[in-house]
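Working notes, structure below.
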Amino acid sequence: MLLFKTFGRYLTQRFLRAILSVFGTFFFLIATLDFVELMRRAGDSPTATTPSIIQLALYRAPSVAEQIFPFAVLFGGMFALLNLSRKLELVVARSVGISAWQFLQPAALVAGLVGLVSVGIYNPIAAELKQRATALEVSLFAKTGQVVGKEIWIRQRSVDGQAIIRAAAALDGGVGLAQVAFFAFSPDGGFRERIEAKQAVLYRGYWELSEARVTSATEEPQTYSTYLVATTLEPDQVRQSFTPPDSVGFWSMPAVLDRTQKAGLDTTRYELRYESLKARPLLLIAMILVAASVSLRFFRFGGVTRLVVGGVAAGFVLYVATQLSEELGSSGIVNASVAAWLPATVGTLLGVLALLHQEDG
Numbered sequence: 246m247l248l249f250k251t252f253g254r255y256l257t258q259r260f261l262r263a264i265l266s267v268f269g270t271f272f273f274l275i276a277t278l279d280f281v282e283l284m285r286r287a288g289d290s291p292t293a294t295t296p297s298i299i300q301l302a303l304y305r306a307p308s309v310a311e312q313i314f315p316f317a318v319l320f321g322g323m324f325a326l327l328n329l330s331r332k333l334e335l336v337v338a339r340s341v342g343i344s345a346w347q348f349l350q351p352a353a354l355v356a357g358l359v360g361l362v363s364v365g366i367y368n369p370i371a372a373e374l375k376q377r378a379t380a381l382e383v384s385l386f387a388k389t390g391q392v393v394g395k396e397i398w399i400r401q402r403s404v405d406g407q408a409i410i411r412a413a414a415a416l417d418g419g420v421g422l423a424q425v426a427f428f429a430f431s432p433d434g435g436f437r438e439r440i441e442a443k444q445a446v447l448y449r450g451y452w453e454l455s456e457a458r459v460t461s462a463t464e465e466p467q468t469y470s471t472y473l474v475a476t477t478l479e480p481d482q483v484r485q486s487f488t489p490p491d492s493v494g495f496w497s498m499p500a501v502l503d504r505t506q507k508a509g510l511d512t513t514r515y516e517l518r519y520e521s522l523k524a525r526p527l528l529l530i531a532m533i534l535v536a537a538s539v540s541l542r543f544f545r546f547g548g549v550t551r552l553v554v555g556g557v558a559a560g561f562v563l564y565v566a567t568q569l570s571e572e573l574g575s576s577g578i579v580n581a582s583v584a585a586w587l588p589a590t591v592g593t594l595l596g597v598l599a600l601l602h603q604e605d606g
């Protein structure tokens, strides 16, 4: 097999170097742009310093960059194959009887290994850093009200009546909330008080609020370093409701799924994320096949630019199809396993079909 020969090792190095270079470029751009945006926001925060902003940008970048692995493999594969074609190395390889299927073995191997490493090593690190980024962002921007994210709304009942809770972000795996406002109502439905706090932590039977300011309809506003609010919510319920799937690492996902099922909550989002991660190596191999189907044309035949644009378009369509399938899976229309594996499987089969048509007629 070509894979274990000198030329195979040479191709493996070329593909790996190209993919890592593209990914590193994207990662640097993401971190730089995020740093610039964070520095703009830091002007209103007295606690935000340049080192802390750099740290926050580095914490946030891995989770965002994880989404561009398919494009890194697509562009890296195209770049490596076009370089080999431009230098006539593919011409020489074909002249000695090496087929496209043989010199694509190293590319498929590299794509599969990149997928495995991204799932087993990179993803858990990115998920952990994302949780740290959320906590650090709250500590830097909570007082200025600049915590960016989807607002959290909760309705609860307790012995004191009903309450509506609004929070800017979830902390500590979901049992903590940042920039919290409690709108409390008496059992007869009348407004009782509004409580604003920097942070709220859920314990069994009560919320513990830090730096709370209580405003009621009958008394002057009061400030408390710690304030307790009764609740019937369970920590497991809140944790699973507000922990986004991309904040859970691959190796922690089975335990999260088990806890969510035992709590009687919907596990669709976590199942879909878990299956999508398992399908990632196959998706990256599909991207390599797409890259090969448009990058094996010799430069002397012309039309390379049109083929490259077509390859980029095909990769983008495959990525959009993956996102659409995941949306259908998260809404329950399609089974989570089918939604995660179908785009990667179809993409691989179409890539093989295109190469068969191109190479074998």
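Going by the numbering used here, 246 is the number at position 1 of the sequence shown; the sequence numbering is gapless.
Idealized CB from N, CA, C, for every residue including glycine.
Consult DSSP for residue i and reduce its assignment to one of helix, strand or coil.
| i | result |
| --- | --- |
| Val-459 | strand |
| Ala-293 | coil |
| Thr-468 | strand |
| Val-474 | strand |
| Ala-352 | helix |
| Ile-578 | coil |
| Ser-403 | strand |
| Ala-408 | strand |
| Val-341 | coil |
| Val-493 | coil |
| Lys-523 | helix |
| Glu-438 | strand |
Within 10 angstroms of the Cβ of residue i, are there 16 or more other Cβ atoms? Answer buried if so, exposed if not.
| i | result |
| --- | --- |
| Phe-226 | Since the first residue of the chain shown is 246 and the last is 606, residue 226 is not available in this structure. |
| Phe-268 | buried |
| Phe-638 | Any property of residue 638 remains undetermined from this structure, which presents the chain solely from 246 to 606. |
| Glu-438 | buried |
| Ser-340 | exposed |
| Ala-584 | buried |
| Pro-382 | The amino acid at residue 382 is misidentified as Pro; the sequence shows Glu. Buried. |
| Gly-365 | exposed |
| Ser-308 | buried |
| Val-243 | Missing from the structure shown is residue 243; the chain here goes from 246 to 606 and no further. |
| Lys-332 | exposed |
| Thr-449 | Looking at the sequence shown, residue 449 is not Thr but Arg. It counts as exposed. |
| Asp-256 | The sequence shown places Leu at residue 256, rather than the Asp named in the question. That one is buried. |
| Gln-312 | exposed |
Nearest-angstrom Cα distance between residue i and residue j?
| i | j | result |
| --- | --- | --- |
| Asp-289 | Ser-384 | 13 angstroms |
| Leu-283 | Thr-379 | 13 angstroms |
| Tyr-472 | Trp-398 | 20 angstroms |
| Leu-594 | Ser-455 | 56 angstroms |
| Leu-349 | Gly-421 | 49 angstroms |
| Asp-511 | Val-501 | 12 angstroms |
| Gln-258 | Gly-321 | 12 angstroms |
| Leu-587 | Ser-570 | 8 angstroms |
| Tyr-564 | Ala-457 | 46 angstroms |
| Thr-292 | Ala-412 | 21 angstroms |
| Asp-522 | Phe-316 | Residue identity differs from the one stated: residue 522 is Leu in this sequence, not Asp. Going by the C-alpha atoms only, they are around 16 angstroms apart. |
| Pro-432 | Val-404 | 8 angstroms |
| Leu-278 | Val-554 | 26 angstroms |
| Val-529 | Phe-430 | A small correction: the amino acid at residue 529 is Leu; Val does not occupy that position in the sequence shown. If you take the alpha carbons of Leu-529 and Phe-430, they lie about 53 angstroms apart. |
| Tyr-519 | Val-579 | 15 angstroms |
| Phe-324 | Ala-536 | 9 angstroms |
Report back the beta-carbon spacing between residue i and residue j to the nearest angstrom; my notes put them in contact at under 8 angstroms.
| i | j | result |
| --- | --- | --- |
| Phe-272 | Ala-306 | 6 angstroms |
| Thr-295 | Gln-401 | Not a contact, Cβ separation roughly 40 angstroms. |
| Ala-531 | Gly-574 | 18 angstroms between Cβ atoms; not a contact. |
| Thr-590 | Leu-527 | 7 angstroms |
| Ala-423 | Leu-416 | 6 angstroms |
| Ala-345 | Leu-541 | 6 angstroms |
| Gly-577 | Thr-513 | 6 angstroms |
| Phe-280 | Val-355 | Actually they are not in contact, since the Cβ atoms of Phe-280 and Val-355 sit about 30 angstroms apart, beyond 8 angstroms. |
| Ile-275 | Ala-310 | 5 angstroms |
Next item on the list: Check whether the stretch 363-373 touches the stretch 435-453, taking contact to mean three or more Cβ pairs, one atom from each stretch, closer than 8 angstroms.
Entry: Short answer: they don't touch.
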